[in-house]
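Read in order, the letters of the sequence shown are residues 0 to 383 in numbering that gives the first Met the number 0.
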Amino acid sequence: MSTKLTLTAIKADVGGFVGHTAVHPEVAESCRRRLEEAREKGRILDFEVGEVGDDQHLLMTHRRGVDDPEIHRLAWDAFLAGTEVARRLKLYAAGQDLLADAFSGNVRGMGPGCAEMEFVERKSEPVIVFRADKCGPGAWNLPLFRMFADAFNTPGLVIDPAMHGGFTFFVLDALEGKEVTLAMPEDLYDLLALLGSTGRYVVSKVLRRADGEIAAAASTQKLALIAGKYVGKDDPVLLVRCQSGFPAVGEALEPFAFPHTVSGWMRGSHNGPLMPCSVATAHPTRFDGPPRVVAAGFQIAEGRLVGPRDLFDDPSFDRARQTANEIADYLRRHGPFEPHRLPEKDMEYTTLPQVLARLRSRFAAAKESNGRAPSAKRTRAGVS
Ligand code: F6R
Ligand code: MG
Ligand code: MG
0 MSTKLTLTAI KADVGGFVGH TAVHPEVAES CRRRLEEARE KGRILDFEVG EVGDDQHLLM
60 THRRGVDDPE IHRLAWDAFL AGTEVARRLK LYAAGQDLLA DAFSGNVRGM GPGCAEMEFV
120 ERKSEPVIVF RADKCGPGAW NLPLFRMFAD AFNTPGLVID PAMHGGFTFF VLDALEGKEV
180 TLAMPEDLYD LLALLGSTGR YVVSKVLRRA DGEIAAAAST QKLALIAGKY VGKDDPVLLV
240 RCQSGFPAVG EALEPFAFPH TVSGWMRGSH NGPLMPCSVA TAHPTRFDGP PRVVAAGFQI
300 AEGRLVGPRD LFDDPSFDRA RQTANEIADY LRRHGPFEPH RLPEKDMEYT TLPQVLARLR
360 SRFAAAKESN GRAPSAKRTR AGVS
């Protein structure tokens, strides 16, 4: 058992109320009972049961380190209990994210999303848990870049000696299952070369270079790739430590004042703006969206989670919400056309291939305008 504290966030969609818009209070209650029992037995120090849209989030503190089978099983069992309730109430897509039949030691690869970090608790330990619905883990690429590598967002990178040494990004190639570490600011352009491809490269963690302290950790699960067919999106979670050598709370929240475009809206098949919301308003109803992000702030005291504070419940994010609605209007007018709808290669795991397969037999060899068969040597865009 470690003297360090472990912060574990695990989340899953175990059934929607109504459709894919929210978590039912009885589902949350059944998860809460499981974690309460575990806290009474001393298996965890503290917990919080949170949500965004249709995703049930569990946050736990303990001293068992990351990837601990007992902690992961506890979350899995809580989700199973939630699923039972969801089945009884016939909530929508009950048990959606529990892809495996039986627990096998770690929730990674089984459906739920998981972000964890281990650290020695500081004199004061402010942490933000960002939770997003209707998008994938690439949604964190832009905000993480701005928090930890962009001085126009985070003046601490320039004026706080404890941050001036920069941060190291761990970037996962979700397709190949490989990881690369890039040190800011030297590798800035390389980092951007990767992070711009939000569907493939995702940030798994960020460390402070001066001392290797963990600064941020994100869930990087890609449900579609795990399941091999479309079973929902990843709807990621992100942990960020703040203040005293890490981004100030306001520096960590600031990137979300720009509602950047993410993929995952309606049927996991559309691009849309990521709207920062209070927890009470994070219920995606318009065209099952637009995608939402909430920020739950905590002070951690000897493992106790003091909070949450609902950090986007602030009129200073009204403009971002208004902009997000304007972008949503604009994109919706494209209907089924790109770039609102995702490009065809990103639709591989949706039901679109089934529709296209039925069309295939109706395709015939195309004739060129002069009646000849198309040349095999034709180059891209027809220009040689
Ligand atoms: C789910 C989501 C929704 C669903 C849509 C269709 O997180 O993004 O937009 O994809 O409601 O759901 P089904 O296919 O279950 O009817
Ligand atoms: Mg759902
Ligand atoms: Mg969801």
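Glycine residues also receive a C-beta, built at the ideal position from the N, C-alpha and C atoms. Nothing here was measured: the structure is a model prediction, and the numbers come from that model.
- With respect to the C-alpha of G110, the residue from S103, L156, L97 and E120 having the closest C-alpha is L97.
- In this structure, the beta-carbon distance from G271 to P289 falls below 7 Å.
- With a threshold of 6 Å, the Cβ atom of G52 counts as near ligand 3, since some heavy atom of the ligand is closer than that.
- A straight line joining the alpha-carbon of A281 with that of A93 spans about 20 Å.
- For the set A11, V22 and A27, the Cα lying nearest the Cα of P235 is the one of A11.
- When the alpha-carbon of A85 is set against those of R63, E25, L190 and P142, the nearest one is in E25.
- Taking the Cβ atoms as the reference, A182 lies roughly 19 Å from G195, outside the contact range of under 8 Å.
- Fewer than three beta-carbon pairs drawn from the region 294–301 and the region 327–335 are found closer than 8 Å, and the two stretches are therefore not classed as touching.
- I299 sits buried, since 16 or more C-beta atoms from the chains shown fall within 10 Å of its C-beta.
- If you look at C113, you'll find it in the beta strand (DSSP E) that goes G112 to F118.
- Between R130 and D54 a beta carbon distance of about 7 Å is seen, short of the 8 Å cut, so the two are scored as contacting.
- According to the DSSP assignment, S262 belongs to the beta strand (DSSP E) that extends over T260 to G263.
- Taking Y91 as the centre and dropping the five residues before and after it, the same chain places the C-beta of G15 and G18 closer than 6 Å to its C-beta, in chain order.
- Beta-carbon to beta-carbon, F169 and E178 are separated by about 6 Å, close enough to satisfy the 8 Å threshold.
- Take the alpha-carbon of L4 and the one of L310: they are about 24 Å apart.
- Its Cα nearest to that of P246, the residue R207 stands out among D312, V305, R207 and H259.
- One thing to note: M116 has its Cβ within 7 Å of the Cβ of I213.
- Taking 8 Å as the upper bound for CB-CB distance, D233 and G306 are not in contact here, some 25 Å apart.
- In this model, D132 and F316 are separated by some 18 Å (Cα to Cα).
- Put simply, the backbone Cα of G104 is about 24 Å away from that of V128.
- A37 counts as buried, since at least 16 other C-beta atoms from the protein chains shown sit within 10 angstroms of its C-beta.
- Residue side-chain check: D210 keeps its Cβ at 6 Å or more from all non-hydrogen atoms of ligand 2.
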